[in-house]
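Colleague:
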Amino acid sequence: RDPYLRTKHDSEKVVRDECRRPFRIYRPSIVLGHSKTGEIDKVDGPYYLFTLIKRMRELFPQWMPTIGIEGGRLNMVPVDYVVDAMDHIAHKRGLDGGCFHLTDPEPRRFGEMLNIFCRAGHAPEMTMRIDARMLAFVPSAVRMALANLPPVKRFTRMLLRDLRIPPETLGFITYPTRFDCRETERALKGSRIKLPQLEDYAWRLWDYWERHLDPDLFVDRSLKSRVKGKVVMITGGSAGIGRAAADKVAAAGAHVIIVARKEEELFAARDEIIAAGGKCWAYTADLSDMDSCDKLVDSVLSEHGHVDILVNNAGRSIRRSVELSYDRFHDFERTMQLNYFGSLRLIMGLLPKMTERRTGQIINISSIGVLANSPRFSAYVASKSALDAFSRCAQAEFSGKNIAFTTINMPLVRTKMIAPTKMYDSVPTLSPEEAGDLIVQAIIERPSRIATRLGIFAGVLNALAPKAYEVVMNTAFELFPDSAAAQGKKALGSEQKPSSEQIAFAALMRGVHW
Numbered sequence: 009r010d011p012y013l014r015t016k017h018d019s020e021k022v023v024r025d026e027c028r029r030p031f032r033i034y035r036p037s038i039v040l041g042h043s044k045t046g047e048i049d050k051v052d053g054p055y056y057l058f059t060l061i062k063r064m065r066e067l068f069p070q071w072m073p074t075i076g077i078e079g080g081r082l083n084m085v086p087v088d089y090v091v092d093a094m095d096h097i098a099h100k101r102g103l104d105g106g107c108f109h110l111t112d113p114e115p116r117r118f119g120e121m122l123n124i125f126c127r128a129g130h131a132p133e134m135t136m137r138i139d140a141r142m143l144a145f146v147p148s149a150v151r152m153a154l155a156n157l158p159p160v161k162r163f164t165r166m167l168l169r170d171l172r173i174p175p176e177t178l179g180f181i182t183y184p185t186r187f188d189c190r191e192t193e194r195a196l197k198g199s200r201i202k203l204p205q206l207e208d209y210a211w212r213l214w215d216y217w218e219r220h221l222d223p224d225l226f227v228d229r230s231l232k233s234r235v236k237g238k239v240v241m242i243t244g245g246s247a248g249i250g251r252a253a254a255d256k257v258a259a260a261g262a263h264v265i266i267v268a269r270k271e272e273e274l275f276a277a278r279d280e281i282i283a284a285g286g287k288c289w290a291y292t293a294d295l296s297d298m299d300s301c302d303k304l305v306d307s308v309l310s311e312h313g314h315v316d317i318l319v320n321n322a323g324r325s326i327r328r329s330v331e332l333s334y335d336r337f338h339d340f341e342r343t344m345q346l347n348y349f350g351s352l353r354l355i356m357g358l359l360p361k362m363t364e365r366r367t368g369q370i371i372n373i374s375s376i377g378v379l380a381n382s383p384r385f386s387a388y389v390a391s392k393s394a395l396d397a398f399s400r401c402a403q404a405e406f407s408g409k410n411i412a413f414t415t416i417n418m419p420l421v422r423t424k425m426i427a428p429t430k431m432y433d434s435v436p437t438l439s440p441e442e443a444g445d446l447i448v449q450a451i452i453e454r455p456s457r458i459a460t461r462l463g464i465f466a467g468v469l470n471a472l473a474p475k476a477y478e479v480v481m482n483t484a485f486e487l488f489p490d491s492a493a494a495q496g497k498k499a500l501g502s503e504q505k506p507s508s509e510q511i512a513f514a515a516l517m518r519g520v521h522w
């Protein structure tokens, strides 16, 4: 049924039926790279699984046990064995008209083969392998009905496309065919030609693939390829993180729109970007005012037609414990108004054009506090969490329309936002340029989320051991008091000088808000 295999059968039939000269037929199995160098000029067969192995290595530690499929027996031989065997047999007398299977007499099962390459690629192995034949008890009609369900087909298609695995490859997982290579063994008897064991050279195949054939090597990962000629709108773009990101995308050829409240600072930033050779437009807007948001969207769409990438960077942060917020409900209203409703208003205004053009990206600058549940930041973290939750839901709705939602759980960045908390002068933070690099990464890779390892660890620890994590956070709460401003007092010069314990804790939990 496979067109490629059909050509092999048909071409051999032509030779047998019509060739009048002496001939010898060679039937190699799946041909791998050179057993001494790993070199090969094409990617097929088990190489289609290497991207999957690479993803497993990135997601899980090598020692982690996993579950997989045992499958049928896949016959594979290295290209140097095929060439050496063909050359030897071709020069031997009395073998005309013969057919020689250049195959492995003891082929490995699919799961065993995959584990060998997992070891070569330092990925976790499948400790438990389920024999695919166990599913035979399910009637074929039922299996076909389930496989043809639209959601199942769509999920399978998207997964295989992401892993770069051709759908027809799946049929070889349970490959039932066995090959008789006794004629080849007899012809090679007495020669020094031996079939190398896969375990001995799999690492060479992996190394050559990773250095020369990995499809990721050929992906244009430059910012220029993503943004040149595209409209990128950045809120809070006159200073800090937004300004750093605007400089980078403008230098890459984007048509940059920066938005901020302070007109003088905003236009100065615009002029500097233009003077550096970039294309930049500036719009003043108060994003906590919904009418101002609507006017901004109308102006941008009327003058630029659409926005390709929206970076929701503008925000308000408040550091105050809940106990000091009983009579300050407006703190929660203000943060929600700007951090959530303002960003949401822009998203809702720009999404229709993105949907119409079937392309776009929304990048929301969130906080590591959403993952770490930082004490004293309840108002700020709640507003960012709301935007995170919206993005996760919307992402599922727009995934099929080529519109990406990316959340960046940004660690602490040295900007004007944290300036009032003098204690932060002595704790490790990112620079605005480093934060801008995370936005660049989001544009290039279009992931669902970007977070530091510490942020991810905090989220996982909170999910697995919430009580233990609560103790850690309470320790931080007791260690880092409210600022004088939060307590309604006038700050003294030495009042907010951090202690050695505070500095050590902040260094250990780098980037987390305290």
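The sequence shown begins at 9 in the numbering used here and counts up by one.
Heads up, the beta-carbon is just placed ideally off N, CA and C, and yes, glycines get one too.
1. Does any residue of chain B have a CB that is nearer than 8 Å to the CB of V85?
2. Which same chain residues, not among the five before or five after W217, have their C-beta less than 7 Å away from its C-beta?
3. Starting from G76, follow the beta strand (DSSP E) in both directions and report where the run begins and ends.
4. Closer than 8 Å by C-beta to A259: which residues in its own chain qualify, once you throw out the five before and the five after it? Chain order, please.
5. Taking only the alpha-carbon atoms, compute the straight-line gap between F385 and I373 and give it to the nearest angstrom.
6. Pick helix, strand or coil for G368, following the three-state DSSP scheme.
7. Can you find the residues in the same chain that come closer than 6 Å, C-beta to C-beta, to E271, ignoring five residues on each side of it along the sequence?
8. Sort out for me which residues DSSP pairs Y291 with in a bridge.
9. With DSSP run on the structure shown, which of helix, strand or coil describes S246?
10. Buried or exposed: where does W524 fall if 16 or more other Cβ atoms within 10 Å of its Cβ makes it buried?
11. Check whether the segment 129-139 touches the segment 58-69, counting contact only when three or more Cβ pairs, one atom from each stretch, lie closer than 8 Å.
12. In whole angstroms, what separates the C-alpha of M344 from that of D445?
13. By how many angstroms is the C-alpha of K232 removed from the C-alpha of E47?
14. Secondary structure at A322, three-state DSSP: helix, strand or coil?
15. Tell me the DSSP secondary structure of V51 in three-state form.
16. For the pair the segment 77-90 and the segment 162-178, tell me if three or more CB-CB distances fall below 8 Å.
17. Comparing alpha-carbon positions, which option in P440, H338, V315 lies nearest R366?
18. Given 8 Å as the limit, is there contact between the segment 297-311 and the segment 348-357, that is, 3 or more CB pairs closer than that?
19. Count the other C-beta atoms from every protein chain shown that fall within 10 angstroms of the C-beta of Q369, then say buried if there are 16 or more, exposed otherwise.
20. Candidates D92, H96, V51: which alpha carbon is nearest P223's?
21. Quick check on DSSP: helix, strand or coil for I201?
22. Mind pulling the alpha helix (DSSP H) runs of 4 or more residues that sit fully within the segment 130-159?
23. Would you list the one or two residues that DSSP bridges to D36?
24. For R117, is the classification buried or exposed, using 16 other Cβ atoms within 10 angstroms of its Cβ as the cut-off for buried?
25. I'd like to confirm the pairing. Which residues does DSSP put opposite P474 in its beta bridges?
26. Does the distance from the C-beta atom of Y348 to that of A394 stay below 8 Å?
27. Looking at C-alpha atoms only, which residue of R461, E191, V239, V240 is the closest neighbour of M94?
28. Go ahead and label W522 buried or exposed: buried means 16 or more other beta carbons lie within 10 angstroms of its beta carbon, across all protein chains shown.
29. From Y34, I447, R219, pick the residue whose C-alpha is nearest to that of D188; which is it?
30. Would you mind sorting A466 into buried or exposed? The rule is 16 or more other CB atoms within 10 Å of its CB.
31. For the beta strand (DSSP E) that contains N417, what are its first and last residues?
32. Quick one: is N482 buried, meaning 16 or more other Cβ sit within 10 Å of its Cβ, or exposed?
33. Is the Cβ-Cβ distance between L110 and P36 less than 8 Å?
34. Give, in chain order, every unbroken run of the beta strand (DSSP E) that is at least 3 residues long and sits entirely within the segment 332-398.
35. Report the rounded CA-to-CA distance for A290 versus I411, giving the unit in angstroms.
36. Taking only the alpha-carbon atoms, compute the straight-line gap between H263 and D255 and give it to the nearest angstrom.
Modeller: Judging by the given coordinates:
1. The structure shown contains no chain B; it is built from a single protein chain.
2. So the list reads Y55, F58, once near-sequence residues are dropped.
3. Looking at the DSSP string, the run of the beta strand (DSSP E) that includes G76 is 74-77.
4. For A259, where only same-chain residues beyond five positions count, the Cβ hits under 8 Å are A284, G285, G286.
5. Looking at the backbone, the Cα of F385 and that of I373 are separated by about 16 Å.
6. In the structure shown, G368 falls within a strand segment according to DSSP collapsed to helix, strand and coil.
7. These residues qualify, in order along the chain: T292.
8. Looking at the DSSP assignment, Y291 forms a beta bridge with V267.
9. Of the three classes helix, strand and coil, the one that applies to S246 here is coil, per DSSP.
10. Nothing can be reported for residue 524: it is not among the residues displayed for the chain, which extend from 9 to 522.
11. Touching, yes, given that three or more Cβ pairs across the two stretches are closer than 8 Å.
12. Within the model, the alpha-carbon separation for M344 versus D445 is close to 27 Å.
13. Approximately 33 Å between the Cα atoms of the pair.
14. It is coil, neither helix nor strand.
15. In the three-state DSSP reduction, V51 falls in the coil class, being neither helix nor strand.
16. Not touching, per the Cβ criterion.
17. Here the closest residue by C-alpha is V315.
18. Contact between the segment 297-311 and the segment 348-357 is present, because at least three Cβ pairs lie under 8 Å.
19. When all chains shown are included, Q369 counts as buried.
20. Considering only alpha carbons, the answer is V51.
21. Under the three-state reduction of DSSP, I201 is assigned to coil, being neither helix nor strand.
22. Those alpha helix (DSSP H) runs which fall completely within the segment 130-159 and span 4+ residues are 148-155.
23. The residue asked about is misnamed: residue 36 is Pro in this sequence, not Asp. P36 pairs with L110.
24. Residue environment analysis places R117 among the buried positions, since at least 16 neighbouring C-beta atoms fall within 10 angstroms of its C-beta.
25. Paired residues: none, contrary to the question.
26. Yes. Within cutoff.
27. Per the Cα distances, E191.
28. Confidence at W522 is low in this model, with a pLDDT of 49, below 50, so the placement of that residue is unreliable and no value is reported for it.
29. In this structure, Y34 is the residue among Y34, I447, R219 with its C-alpha nearest to the C-alpha of D188.
30. Buried, by the Cβ-count rule.
31. Looking at the DSSP string, the run of the beta strand (DSSP E) that includes N417 is 411-418.
32. Counting the other Cβ atoms within 10 Å of the Cβ of N482 gives fewer than 16, which makes it exposed.
33. Yes, Cβ-Cβ distance for L110 and P36 is below 8 Å.
34. 368-375, all fully within the segment 332-398.
35. Here the alpha carbons of I411 and A290 stand approximately 25 Å from one another.
36. Pairing H263 with D255, the inter-Cα distance amounts to about 11 Å.
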